[in-house]
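Novice:
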Amino acid sequence: MIRLFFQLVVALIPVYVFAIGIGISTMALTDAGGTKWSYSQWIASMLLGVLVLVVTESFIFRLWLLPKWAQALSERFYGGTYFPTDDPLASLAQLIIDQHCGERVPELEKLVLSDPSRTRGWMELARVAEIELKDLQQAAGYMLTGARKVGRKEDAAMLMWRAVTLLHRDQVSRPRAEEIRRELMQRYPKTTYGRLAAKSPGEQE
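Shown next, in the form of structure tokens:
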């Protein structure tokens, strides 16, 4: 929510500047001190201002906001299901798994940390740790780190629940899984995964 508010504020900055410009030009039009503009100058300044505003807002929405919103909607409704080639992060994760190049995991970590609020990034990182590195502890650790970084409570709860299900697969790690499950219940009781954790102790997805 805070990130969305910040994006909207940035998008509205050119509008604020344009409004200030209208005020200044209107004052110049009605200035009685001998520096007033002609109506043709005022109209020309307004047209120029509108042109600059449209171009600026077009760049902001097309190059920044719309891609961000499209990505967020994709991950929200479809769980980020896309072909790996559509996304450098997902592509690298799949490459690491397919070619068994675990030495590139730090590179993947760097990509994930470049946008830590992105839920899909932590899921891909955990998937690589689980499948390629065969390390459930590390995979769960990535999920828990992601739960602290993502913005939405529902996403954080989902990552915590996935950590629970991973650790439940290891007999030694089950006490830790139960600790995380109880923490999930306490922190996010009203989320889907918080309710699932409350009614399904010890069970997995």
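At position 174 of the sequence shown (counting the first as 1) the number is 190 in the working numbering, and the numbers step up by one without a gap. In this text, a Cβ means the ideal position worked out from N, Cα and C, and glycines have one as well.
Taking the Cβ atom as the reference point for each residue, do L223 and I112 lie within a distance shorter than 8 Å?
Specialist: This structure leaves residue 223 out entirely; the chain is present only between 17 and 221.
Novice: Which of the three DSSP states, helix, strand or coil, is assigned to T207?
Specialist: Numbered from its first residue, the sequence shown carries residue 207 at position 191. Here T207 sits in coil by DSSP.
Novice: Can you say whether L28 is buried or exposed, counting buried as having 16 or more other CB atoms within 10 angstroms of its CB?
Specialist: Working through the sequence shown from its first residue, we reach residue 28 at position 12. So L28 counts as exposed.
Novice: Between which residues of its own chain and A163 is the CB-CB distance below 7 Å, once the five residues before and five after are set aside?
Specialist: If you number the sequence shown from 1, residue 163 lands on position 147. Around A163: A172, L175, M176.
Novice: Using only alpha-carbon positions, find the residue among Q153, V33, G167, A213 that is nearest to Q187.
Specialist: Taking the first residue of the sequence shown as 1, we reach residue 187 at position 171. The option with the nearest alpha carbon to Q187 is Q153.
Novice: Only counting the same chain, and skipping five residues up and downstream in sequence, which positions put a Cβ closer than 8 Å to that of S133?
Specialist: Position 117 of the sequence shown, counting from 1, holds the residue named residue 133. Excluding positions up to five away in sequence, the list reads R19, K165, V166, G167.
Novice: If you follow the alpha helix (DSSP H) that V144 is in, where does it begin and where does it stop?
Specialist: As a working note, residue 144 is residue 128 in the sequence shown. Element bounds for V144: 135 to 147.
Novice: Just to confirm my understanding: we take A193, look at its own chain, exclude 5 residues before and 5 after, and list those with CB closer than 7 Å. What are they?
Specialist: Taking the sequence shown and counting its residues from 1, one reaches residue 193 at position 177. Only V180, L183, H184 meet the Cβ criterion.
Novice: Name the two residues that bound the continuous alpha helix (DSSP H) containing P104.
Specialist: Taking the sequence shown and counting its residues from 1, the one referred to as residue 104 is at position 88. Here the alpha helix (DSSP H) through P104 covers 104 to 115.
Novice: Return the CA-CA distance between D114 and V70, expressed in angstroms with no decimal places.
Specialist: Indexing the sequence shown from 1 puts residue 114 at position 98. Indexing the sequence shown from 1 puts residue 70 at position 54. The alpha-carbon atoms of D114 and V70 are separated by roughly 46 Å.
Novice: Could you tell me the boundaries of the alpha helix (DSSP H) in which D171 lies?
Specialist: As a position in the sequence shown, residue 171 is number 155, starting the count at 1. Counting along the chain, the alpha helix (DSSP H) containing D171 begins and ends at 169 to 183.
Novice: Considering only residues of the same chain and omitting the five flanking positions on each side of I147, which have a CB-CB separation below 6 Å?
Specialist: Taking the sequence shown and counting its residues from 1, one reaches residue 147 at position 131. So the list reads I113, once near-sequence residues are dropped.
Novice: Does M176 have its Cβ less than 8 Å from a Cβ in chain C?
Specialist: Of the chains in the structure shown, none is chain C; there is only one protein chain.
Novice: Taking the beta carbon of D103 as the centre, do at least 16 other beta carbons fall within 10 Å, making it buried, or is it exposed?
Specialist: Here residue 103 corresponds to residue number 87 of the sequence shown, with the count starting at 1. With 16 or more other Cβ atoms within 10 Å, it is buried.
Novice: Can you tell which of E73, I59, A60 has its C-alpha closest to the C-alpha of Y32?
Specialist: Working through the sequence shown from its first residue, we reach residue 32 at position 16. Residue E73 is the option with its Cα nearest to Y32.
Novice: When you compare only the Cα positions, how much space is there between K150 and P205?
Specialist: If you number the sequence shown from 1, residue 150 lands on position 134. If you number the sequence shown from 1, residue 205 lands on position 189. Distance between the alpha carbons of K150 and P205: 31 Å.
Novice: Under a three-way DSSP split, which group does P132 fall into?
Specialist: Along the sequence shown, one-based indexing puts residue 132 at 116. Looking at P132 - three-state DSSP - the assignment turns out to be coil, as it is neither helix nor strand.
Novice: Report the residue from D131, E140, G118 whose alpha carbon sits nearest the alpha carbon of E107.
Specialist: Position 91 of the sequence shown, counted from the start, is the residue given in the question as residue 107. First, the residue type needs correcting, since residue 107 is Ser and not Glu in the sequence shown. If we check each option's Cα against that of S107, E140 comes out closest.
Novice: So, for R197: in the same chain, excluding its five sequence neighbours on each side, which residues have a beta-carbon less than 6 Å away from its beta-carbon?
Specialist: Counted from its first residue, the sequence shown places residue 197 at position 181. Here the set comprises V180, A213.
Novice: Which first and last residues belong to the alpha helix (DSSP H) in which R120 is found?
Specialist: As a working mapping, residue 120 is identified with position 104 in the sequence shown. Looking at the DSSP string, R120 is not in any alpha helix (DSSP H), and its letter there is neither H nor E.
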